[in-house]
Amino acid sequence: MARSYRIALLSGDGIGPEITAVARQLLEAVSLRHGFALSFDAQPMGGAAIEVCGEPLPASTLAACRASDAVLLAAIGSPQYDTLPREKRPESGLLALRAGLGLFANLRPVTIIPALIDASSLKREVIEGVDLIVVRELTGGVYFGTPKGRVDVEGRVRAFNTMAYFDDEIDRIARVGFELARQRRGRLCSVDKANVLDVSQLWRERVEALHASSYADVELSHQYVDNAAMQLVRNPRQFDVLLTSNLFGDILSDEAAMLSGSIGMLPSASLGEGGPGLFEPIHGSAPDIANQDKANPMAMVLSAAMLLRLGLGEEAAAADLEAAVARVLAAGYRTGDLMAAGCTLLGCQAIGAKLLEALEAVEA
Ligand code: IPM
Ligand code: MG
């Protein structure tokens, strides 16, 4: 029996459908090449789901995701939903999906593609050779902590959230970070604000205890989040694995994305304990360029590659997709976000066609 997998496909909002179409074509092509079968189960999510049933994460979408081998999500969100109550907004659907699938570990790798080195707003000598990964805790911290809300206090309005972690929530994400460090260059930098926050003091204690008990071979360092933000643009090569809480990782991963030239290049994987993983670009739905064939589909295609590698164990197929992206960039084809002198500007669909050609040309 040939291997076969079911992919839940959530194209979401804005540029989502355009980049999803490209990723799907490439997944189909690469599965043929490598002798496995993919079936796609397209489901509404985010604003697209609000339009059909008034909720950003319909129960049927969550059920389809749970029944899949892996979930590929493009992007969600649009300014038209900004005035809805928080629980009805597209972003709440994404948080509910992460929580519903138990995806506590978010992996956001940042590598520099040589052809793009001059697309970064940072100098070549700062970013050359950068190869880091942000390991972000994804189902806890201030995103999910209670109590939260808004109250009237003697005529003033007070709004609040709670940044909280249980010791075991810190341990499980720290383990993911340490294990990854072992497979990479053996260095883990844990990010916190232990000089100010109680929750960060616990974070640091647990990371240190785990290091001492089980991962003494990994070189551990700690940075306060403000310093980490500065070090990321000052000397990003110092980092191998960056371990962060939910909010700090959200902020630092957008910053780290810019090292690579464009946030349009970065994929991510969100994993839990067994069960399907969720794979998505770290960029948003870019409503300003939606439906204009201007989107860069590469982060989506690279997310599909992470899905193949980490979600399905199809390493060779994953490597082929990554090679196709590198080839198209090396040949000078660019979407608007990466455009540079001497390169050829193409739209989303045309980049998709070039990626398919490049895939055919990659040695099987
Ligand atoms: C991300 C995004 C999300 C987050 C939003 C869309 C809820 O910014 O994946 O980084 O804050 O986690
Ligand atoms: Mg973010």
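Here the sequence shown is numbered in our numbering, starting from 5 and rising by one per residue. Every residue, glycine too, gets a C-beta built ideally from N, C-alpha and C.
Is DSSP giving residue i helix, strand or coil here?
i    : result
G340 : helix
T87  : coil
Q47  : coil
C57  : helix
L360 : helix
F40  : strand
I11  : strand
V155 : strand
L224 : strand
S194 : strand
R112 : strand
L30  : helix
L350 : coil
D297 : coil
A74  : strand
Y219 : coil
F182 : helix
Using 10 angstroms around the beta-carbon of residue i, count the other beta-carbons present and answer buried if the total reaches 16, otherwise exposed.
i    : result
N199 : exposed
K4   : Limits of the chain in this structure are 5 at one end and 368 at the other, which puts residue 4 out of reach.
L77  : buried
N404 : The structure shown does not extend to residue 404, since the chain spans only 5 to 368, so no value can be given for it.
S217 : exposed
S35  : buried
R112 : buried
F164 : exposed
D324 : buried
P89  : exposed
F252 : buried
S64  : exposed
Q47  : buried
V332 : buried
R370 : The chain is shown only over 5 to 368; residue 370 falls outside these bounds and no answer can be derived.
P83  : exposed
Just grab the DSSP bridge partners of residue i for me.
i    : result
G16  : A79
P271 : P285
T248 : R140
F164 : G153
A328 : Paired residues: none, contrary to the question.
D135 : T115
Could you give the C-beta distance for residue i and residue j, rounded to a whole number, given that I count them as a contact under 8 Å?
i    : j    : result
G51  : D17  : 4 Å
V222 : L192 : 5 Å
P280 : V75  : 6 Å
I370 : A299 : In the structure as shown, the chain starts at 5 and stops at 368, and residue 370 therefore has no counterpart that could be examined.
L359 : G265 : Not confirmed; about 18 Å, so no contact.
L101 : L126 : Not really, about 33 Å apart at Cβ, beyond 8 Å.
V139 : G181 : 4 Å
H38  : A321 : 4 Å
P94  : G81  : 5 Å
A232 : L256 : 6 Å
A168 : G190 : Contact flag wrong, Cβ pair sits at about 31 Å.
L363 : A334 : About 14 Å separates the two Cβ atoms, so there is no contact after all.
Closer than 7 Å to a non-hydrogen atom of the ligand ADP - does that hold for the CB of residue i?
i    : result
I286 : You won't find the ligand ADP in this model; what it holds is the ligand IPM and the ligand MG.
For residue i and chain B, any beta-carbon pair shorter than 8 Å?
i   : result
A71 : Absent from the structure is chain B; it holds one protein chain and no more.
Item to complete: Mind listing which residues have their beta carbon within less than 6 Å of any non-hydrogen atom of the ligand MG? Chain order is fine.
Response: Any heavy atom of the ligand MG counts here; residues with a Cβ closer than 6 Å to one of them, in chain order, are D254 and D258.
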